[in-house]
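Worksheet for the structure shown next.
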Amino acid sequence: MINPPPWMTLIIFVSMLGLCFWMWRKLFLERDSAPEGSAATLEEMAEAQKVLQDQLAQSQKMQAVGLLAGGIAHDFNNLLTAISGFCDLLLLRHRAGDPSFADIMQIRQNANRGANLVRQLLAFSRQQTLQPKAHDLTDVLSDISHLLRRLIGENIKLELQHGRDLGLVFIDLGQMEQVLVNLVVNARDAMPMGGDLTLRTFVENVLSPRRIGNETMAAGEWMAIEVADTGSGMPPEVLARIFDPFFTTKEVGKGTGLGLSTAFGIIKQSGGYLQVTSEVGKGTSFMIFLPRYEGAAPVKESVIPKAEDTTGSGTILLVEDEDAVRNFAARALKHKGYEVIEADSGVTGLEAFKSTDKKISLMISDVVMPEMDGPTLYGHLIKVRPDLRVIFVSGYTEERLKPLLGDTSNPNIHFLTKPFSLAQLTALVKEILG
Numbered sequence: 000m001i002n003p004p005p006w007m008t009l010i011i012f013v014s015m016l017g018l019c020f021w022m023w024r025k026l027f028l029e030r031d032s033a034p035e036g037s038a039a040t041l042e043e044m045a046e047a048q049k050v051l052q053d054q055l056a057q058s059q060k061m062q063a064v065g066l067l068a069g070g071i072a073h074d075f076n077n078l079l080t081a082i083s084g085f086c087d088l089l090l091l092r093h094r095a096g097d098p099s100f101a102d103i104m105q106i107r108q109n110a111n112r113g114a115n116l117v118r119q120l121l122a123f124s125r126q127q128t129l130q131p132k133a134h135d136l137t138d139v140l141s142d143i144s145h146l147l148r149r150l151i152g153e154n155i156k157l158e159l160q161h162g163r164d165l166g167l168v169f170i171d172l173g174q175m176e177q178v179l180v181n182l183v184v185n186a187r188d189a190m191p192m193g194g195d196l197t198l199r200t201f202v203e204n205v206l207s208p209r210r211i212g213n214e215t216m217a218a219g220e221w222m223a224i225e226v227a228d229t230g231s232g233m234p235p236e237v238l239a240r241i242f243d244p245f246f247t248t249k250e251v252g253k254g255t256g257l258g259l260s261t262a263f264g265i266i267k268q269s270g271g272y273l274q275v276t277s278e279v280g281k282g283t284s285f286m287i288f289l290p291r292y293e294g295a296a297p298v299k300e301s302v303i304p305k306a307e308d309t310t311g312s313g314t315i316l317l318v319e320d321e322d323a324v325r326n327f328a329a330r331a332l333k334h335k336g337y338e339v340i341e342a343d344s345g346v347t348g349l350e351a352f353k354s355t356d357k358k359i360s361l362m363i364s365d366v367v368m369p370e371m372d373g374p375t376l377y378g379h380l381i382k383v384r385p386d387l388r389v390i391f392v393s394g395y396t397e398e399r400l401k402p403l404l405g406d407t408s409n410p411n412i413h414f415l416t417k418p419f420s421l422a423q424l425t426a427l428v429k430e431i432l433g
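Note that the sequence shown ends on residue 433 in numbering that gives the first Met the number 0; no numbers are left out.
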């Protein structure tokens, strides 16, 4: 039995390059029973297919650039750890009045600038280390408002609108503040002659899955922040590239092109979405959507000053395949009174552990190494020394390394992100060993 019209036919086209394209063709009967094709339907389907292809291409491009940025950032973290570390060692032998002191500090400061750039790359590629905690969204906006007012200048009117019954969000406060600063600076630059800037918080009830860019936001209750300006707005061709790293419409030297891509990465890594709408001559709106946090309200912790004396004793097994990083770390630890056994790989680290007659107090190991990675080495060592403590160091985030690290809730396992300074390294060792 033949189904009544209209009839739908799936047509698949294969190009010379092997690419597949598909569209539906609808056939229906006119009064004279002659089948006619619906050109409008074909055009609509072809347009829908083009939209899907564009979305896929954009998603693949962002993923590829993210992977590239993450790899570059990892390599630069090793370089910056060595540069900053050896500067710290030099500063130990120079006083503030020495002629070389200012030169060393200049190198150190530029290394810090490089580290900030790396953090932005990692933020875009969603590979940075976040330290999320529960925060009230209204408090977040209120606490940073004084800084935002100074950023925008006197010719821009800032209005804050706080929503009611806002829930908690689980975010890294410092990174979220960076997102807001980036969005506000972008809005300020779009209003050189002045204008209105509105920041508001509210609860967005999404009744059905919502398409945002190339992704779909699930239905449910989302905590939202809107940053809206009355600036120049953006044409579609600019809007399509707004989150691409290093893309900027500003003059040379006025921007890195990483501000919005950084914001995009931070929001995505926080489990949220960043949506932008813009109209030339009317302004731009950025909407941040964050999942509601169902945990307990935050408890303010008392601030306990850390001890300045980071000297100690004990034997440390240092395993790092980057020579410069290993040399710096070894010298820093020896300067603080520790005995250091060095190894340039997981294999030599295992051999050093087996051959020494000293009791290893702590192992400091890179995570990703050829032949044998840090977690595998640690797995071998705790078979002999179940109580052995370890600091894993890496330019990658703890979250990304979870498949390698395993159970990071173990109190004997600690993590230090590259690039790290002499002070950060020795303070963590002191905290662990006492």
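Ideal Cβ placement from N, Cα and C applies to all residues, glycine included.
N-terminal and C-terminal residue of the alpha helix (DSSP H) that residue i is part of
i	result
residue 346	345-354
residue 379	373-383
residue 175	172-188
residue 426	421-432
residue 236	235-238
residue 517	Nothing about residue 517 can be read from this structure; the chain reaches only from 0 to 433.
Rounded distance between the beta-carbons of residue j and residue i, thought under 8 Å
i	j	result
residue 309	residue 189	Going by Cβ atoms, the distance from residue 309 to residue 189 rounds to 47 Å, so no, they are not a contact pair.
residue 218	residue 208	6 Å
residue 279	residue 232	4 Å
residue 166	residue 201	Actually they are not in contact, since the Cβ atoms of residue 166 and residue 201 sit about 11 Å apart, beyond 8 Å.
residue 266	residue 178	6 Å
residue 156	residue 91	With a Cβ gap of about 50 Å, residue 156 and residue 91 do not count as contacting.
residue 432	residue 311	5 Å
residue 367	residue 393	6 Å
residue 212	residue 187	Rounded, the Cβ-Cβ distance is 24 Å, inconsistent with contact.
residue 238	residue 184	The Cβ separation is near 18 Å, so there is no contact.
residue 316	residue 295	Rounded, the Cβ-Cβ distance is 39 Å, inconsistent with contact.
residue 76	residue 410	Incorrect: roughly 26 Å between the Cβ atoms, too far for contact.
residue 340	residue 375	Actually they do not touch by this definition, with Cβ atoms about 19 Å apart.
residue 131	residue 170	5 Å
Pick from the options that is closest to residue i, judged by C-alpha positions
i	options	result
residue 345	287, 362, 339	362
residue 87	412, 258, 106	106
residue 203	187, 289, 261	289
residue 377	201, 369, 387, 313	387
residue 273	349, 262, 184	262
residue 373	194, 389, 78	389
residue 325	96, 84, 149	84
residue 423	75, 152, 80	80
residue 158	93, 111, 228, 130	228
residue 286	216, 292, 350	216
residue 133	152, 168, 366	168
residue 347	328, 337, 379	379
residue 360	338, 145, 343, 370	338
residue 413	241, 381, 364	364
residue 328	243, 421, 141, 415	421
residue 144	96, 108, 176	176
residue 150	100, 264, 193, 269	193
residue 384	352, 415, 264	352
residue 269	174, 164, 210, 234	174
residue 100	89, 242, 109	89
residue 234	277, 258, 242	277
residue 111	78, 283, 96, 137	78
residue 391	416, 382, 370	416
residue 136	160, 114, 113, 154	160
residue 198	292, 172, 210, 284	284
DSSP bridge partner residues for residue i (one or two, in chain order)
i	result
residue 334	DSSP, once it has assigned bridges, lists no residue as partnering residue 334.
residue 228	196, 283
residue 219	205
residue 365	392
residue 142	BP columns for residue 142 are empty, so no partner.
residue 133	169
residue 415	392
residue 290	221
residue 341	317
residue 92	In DSSP, residue 92 forms no bridge with anything.
residue 214	211
residue 82	The partner list for residue 82 (beta bridge, DSSP) is empty, contrary to what the question assumes.
residue 359	314
Residue i, enclosing beta strand (DSSP E) - first and last residue
i	result
residue 158	155-160
residue 276	272-278
Heavy atom of the ligand SAM within 7 Å of residue i beta-carbon
i	result
residue 410	Absence of the ligand SAM is noted for the structure shown, with no ligands found whatsoever.
Are there three or more Cβ pairs, one per stretch, closer than 8 Å when the segment 328-335 is compared with the segment 354-361? no
For the segment 223-238 against the segment 316-330, do three or more pairs of beta-carbon atoms, one drawn from each stretch, fall closer than 8 Å, so that the two count as touching? no
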